[in-house]
Amino acid sequence: MCTRILWNTNDHAVLAGRTMDWPESTEPVLTLFPRGLARDGGTLGGTPVVDDNPLRWTSEFASLVTTVYGAGTADGINEAGLGAHLLYLDSTDPGPRDPGRPGLQIALWIQYLLDSARTVQEALDLLDTCQLVPVELRGFRASVHVAVEDASGDSAIIEYIEGRRQVHHDRSYTIMTNEPSYEEQLRLLREKVRAVQGLGHDRPSSEVPLPGNVNAVDRFQRAAYFASLLPEPADDREAVAGILAVTRNASVPFGAPYREGRFKTYNTEYRTVCDLTGKRYFFELATAPNLLWAGIDRFDLSPGAPVMTLRPEGTDLVGDVSDRFTRAPAPF
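Per this note's numbering, residue 204 is the first one in the sequence shown, and the count goes up by one each step.
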């Protein structure tokens, strides 16, 4: 479930689009966190889940995110222009718990990165400061991998397979879906492209036939195809429209085949775009025709400022909704 697409080659903005594909509502809430918030990485919905040595920190950067079940962060951007996205990966395995390392429940993984890092490299440097601790959310195991990108266009994909961390760090790593592992996804894409275009070709051209299913492999290859052919936009408005077009193409429609076969696939609940250049966050519910956005610099980001939230279901919400957020208690 889920797809992430990074567009870091146009002249107007670095943009990252994602879909959230899930079998039920994740109860998304757009949430603005100011700087200076004290965090406890050992709790889940207010309940301790890390018995020994939980990671605790104070947020250095403000962030604008989408929360999941009120217990963690699924997607978002910070004021420095770092974007981060949690996507499902069934084979995730951080390894056995080592109480000597501070434990971070996995649903707060990207919130820790957004709170603490300006760049992809800084986010990667944080990985050795803690150990991820698996949790369950509403009966679903939070098995995830992470994509991060920054305003320079740098990118990284982070996975934990059989207790070992695997990092793909390069601005060329722009597409991400779910199963199988990222290395296997890249291999399958290369095979698809070279079968048509020949050796020496790794990026798809218009000659490559498109797979049409909704499973993670097909979505990966379809997103790579359309992203590679995006035309240069005239302005940042066209750039956002371009990344949304690819993101929508990689979405899973209602009633599409799912839950059969090796990898489960669910319909798309929502789509987002992180504008890492303009520090704007776009949100689109799949059940509504309205596109919303907010600018992180439209809020008071200083320490002590209130947490601000917006539930995106309102039928009157469209366009810039920065002034529609209201004060709320911090969910975590």
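Here a beta-carbon is modelled for each residue, glycine too, at the ideal position from N, C-alpha and C.
Buried or exposed (CB count within 10 angstroms, at least 16 for buried), G306: As a working mapping, residue 306 is identified with position 103 in the sequence shown. Counting Cβ neighbours within 10 Å, G306 comes out buried, since at least 16 surround it.
So, A497 versus A453, is the Cβ gap smaller than 8 Å? Taking the first residue of the sequence shown as position 1, residue 497 is located at position 294. Taking the first residue of the sequence shown as position 1, residue 453 is located at position 250. No, the Cβ-Cβ distance between A497 and A453 is not below 8 Å.
Near D224, which residues of its chain fall below 6 Å by C-beta distance, leaving aside the five closest residues on each side in sequence? Numbered from its first residue, the sequence shown carries residue 224 at position 21. Cβ neighbours of D224 beyond the five flanking positions: M204, C205, V455, Y469, T471.
Mapping DSSP to helix, strand and coil, what is T332? Taking the first residue of the sequence shown as 1, we reach residue 332 at position 129. T332 falls in the helix class under three-state DSSP.
Residues that I364 bridges to, as DSSP identifies them: Position 161 of the sequence shown holds residue 364. Answer by DSSP bridge pairing, in chain order: T295, R367.
When the Cβ atoms of the segment 351-365 are set against those of the segment 241-252, are three or more pairs found closer than 8 Å? no
Give the DSSP bridge partners of Q424, in chain order. Residue numbering aside, residue 424 sits at position 221 when the sequence shown is read from its first letter. According to DSSP, which records beta bridges pairwise, Q424 is partnered with nothing at all.
Could you pull the DSSP bridge partners for Q308 from this structure? Numbered from its first residue, the sequence shown carries residue 308 at position 105. Assignment of beta-bridge partners to Q308 by DSSP yields V336.
If you follow the beta strand (DSSP E) that V510 is in, where does it begin and where does it stop? As a working note, residue 510 is residue 307 in the sequence shown. V510 -> no beta strand (DSSP E), and no H or E assigned at all.
Inter-stretch contact at 8 Å, needing at least 3 Cβ pairs: the segment 380-396 / the segment 502-518: Counting Cβ pairs under 8 Å, fewer than three are found: no touch.
Distance between L389 and T529 (C-alpha atoms, nearest Å): One-based indexing of the sequence shown puts residue 529 at position 326. One-based indexing of the sequence shown puts residue 389 at position 186. Answer to the nearest angstrom: the Cα atoms are 43 Å apart.
Rounded straight-line distance, which links the Cα of D331 to that of R221: By 1-based counting over the sequence shown, the position of residue 221 is 18. By 1-based counting over the sequence shown, the position of residue 331 is 128. Roughly 26 Å separates the two Cα atoms.
Exposed or buried, what is R422 when buried is set at 16 or more other beta-carbons lying within 10 Å of its beta-carbon? Reading the sequence shown from its first residue, position 219 is the one you call residue 422. Answer is buried; the Cβ neighbour count reaches 16.
Taking just the CA atoms, how far does V510 sit from L432? To locate residue 432, count along the sequence shown from 1; it is residue 229. To locate residue 510, count along the sequence shown from 1; it is residue 307. Spanning the two alpha carbons is a distance of roughly 40 Å.
For G275, three-class secondary structure by DSSP: The sequence position of residue 275 within the sequence shown is 72, counting from 1. Annotated three-state conformation of G275 is strand, per DSSP.
When the Cα of A320 is compared with those of E339, H348, S266, which residue comes out closest? Residue 320 sits at position 117 when you count from the first residue of the sequence shown. Among E339, H348, S266, the Cα nearest to that of A320 belongs to S266.
Got a sec? Which residues, its chain only, sit under 8 Å from R451 by beta carbon, not counting five neighbours each side? Numbered from its first residue, the sequence shown carries residue 451 at position 248. So the qualifying residues of the chain are R474.
Return the residue from the list A508, D523, T480 that minimises the CA-CA distance to R493. Mapped onto the sequence shown, residue 493 falls at position 290. The residue asked about is misnamed: residue 493 is Asn in this sequence, not Arg. The shortest C-alpha separation from N493 is found at D523.
Any idea what DSSP makes of T450, helix, strand or coil? One-based indexing of the sequence shown puts residue 450 at position 247. T450: helix per DSSP, three-state reduction.
If distances are taken between C-alpha atoms only, which option among W260, L258, L285, V232 comes closest to G481? The sequence position of residue 481 within the sequence shown is 278, counting from 1. Nearest option by C-alpha distance: L285.
With a cut-off of 8 Å on the beta carbons, I'd call T229 and A277 a contact; round off their distance for me. Within the sequence shown, numbered from 1, the residue matching residue 229 stands at position 26. Within the sequence shown, numbered from 1, the residue matching residue 277 stands at position 74. Confirmed, Cβ separation roughly 7 Å.
If I measure Cβ to Cβ from F466 and keep anything under 6 Å in the same chain, skipping five residues before and after, which residues do I get? Here residue 466 is taken as the residue at index 263 of the sequence shown, counted from 1. With a pLDDT of 49 at F466, under the threshold of 50, the modelled position of that residue is not reliable, and the figure given next carries that caveat. If we look at F466 and ignore the five residues flanking it on each side, its Cβ neighbours are E382, N418, A419.
According to the Cβ coordinates, are L290 and H348 closer than 8 Å? Start at 1 with the first residue of the sequence shown, and residue 290 comes out as number 87. Start at 1 with the first residue of the sequence shown, and residue 348 comes out as number 145. Going by C-beta atoms, L290 is nearer than 8 Å to H348.
List the whole-angstrom C-beta distance separating R238 from E263, where the pair is believed to meet the contact cut-off of C-beta under 8 Å. Indexing the sequence shown from 1 puts residue 238 at position 35. Indexing the sequence shown from 1 puts residue 263 at position 60. That belief holds up - the Cβ atoms of R238 and E263 are roughly 6 Å apart, short of 8 Å.
Which residues in the same chain as L447 place their Cβ atom closer than 8 Å to its Cβ, once the five residues preceding and following it in sequence are excluded? Your numbering for residue 447 matches position 244 in the sequence shown. G220, R474, V476, F485, E487, L494, listed in sequence order.
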